[in-house]
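Enquirer: Structure in structure tokens, see below.
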Amino acid sequence: MKKRIFPVIILFICIFAVSNVHGSLGLRAKPAALNSDTQINISWDSVANALYYKVYRKEYTNGDDSDDGYVLLSIINVDKEKNYLNFV
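Numbering (this note's numbering), first residue to last: 1 to 88.
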């Protein structure tokens, strides 16, 4: 009986030990220099132990200010991106 419980416990820990971490929003945005009417530069404060950042854009239509309608623009991998605290 004990031999069966141990693998189940390990499997449970592996599945449920992963969680999303949300940091405080310290986001800054300004127009990009070359195409200031179509691009912005955004930057943010780092979050301790972050592995990646997801950048979303809100699709705002007909006065809708709900939490629906976000489009994923980019996933920035901290280990691979040279400058991972901004996005153009």
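C-beta atoms are modelled at their ideal positions from N, C-alpha and C, and glycine is treated no differently.
This structure is a prediction, so every number in the text was calculated from the model and none was measured.
Return the chain-ordered list of same chain residues with a C-beta closer than 6 Å to the C-beta of V55, the five sequence neighbours on each side being excluded.
Expert: The residue labelled residue 55 in the question sits at position 55 within the sequence shown. For V55, where only same-chain residues beyond five positions count, the Cβ hits under 6 Å are L73, S74, F87.
Enquirer: Using the beta-carbon count (16 or more within 10 Å), is Y53 buried or exposed?
Expert: Here residue 53 refers to the residue found at position 53 when the sequence shown is read from its first residue. Buried, by the Cβ-count rule.
Enquirer: By DSSP, does S43 sit in helix, in strand, or in coil?
Expert: The count along the sequence shown starts at 1 and reaches residue 43 at position 43. It is a strand residue.
Enquirer: Using a threshold of 7 Å, state whether the C-beta atoms of V71 and L51 are closer than that.
Expert: Taking the sequence shown and counting its residues from 1, one reaches residue 71 at position 71. Taking the sequence shown and counting its residues from 1, one reaches residue 51 at position 51. For V71 and L51, no; Cβs fall outside 7 Å.
Enquirer: At the level of alpha carbons, what is the spacing between L85 and E59?
Expert: The sequence position of residue 85 within the sequence shown is 85, counting from 1. The sequence position of residue 59 within the sequence shown is 59, counting from 1. Whole-angstrom Cα-Cα distance: 23 Å.
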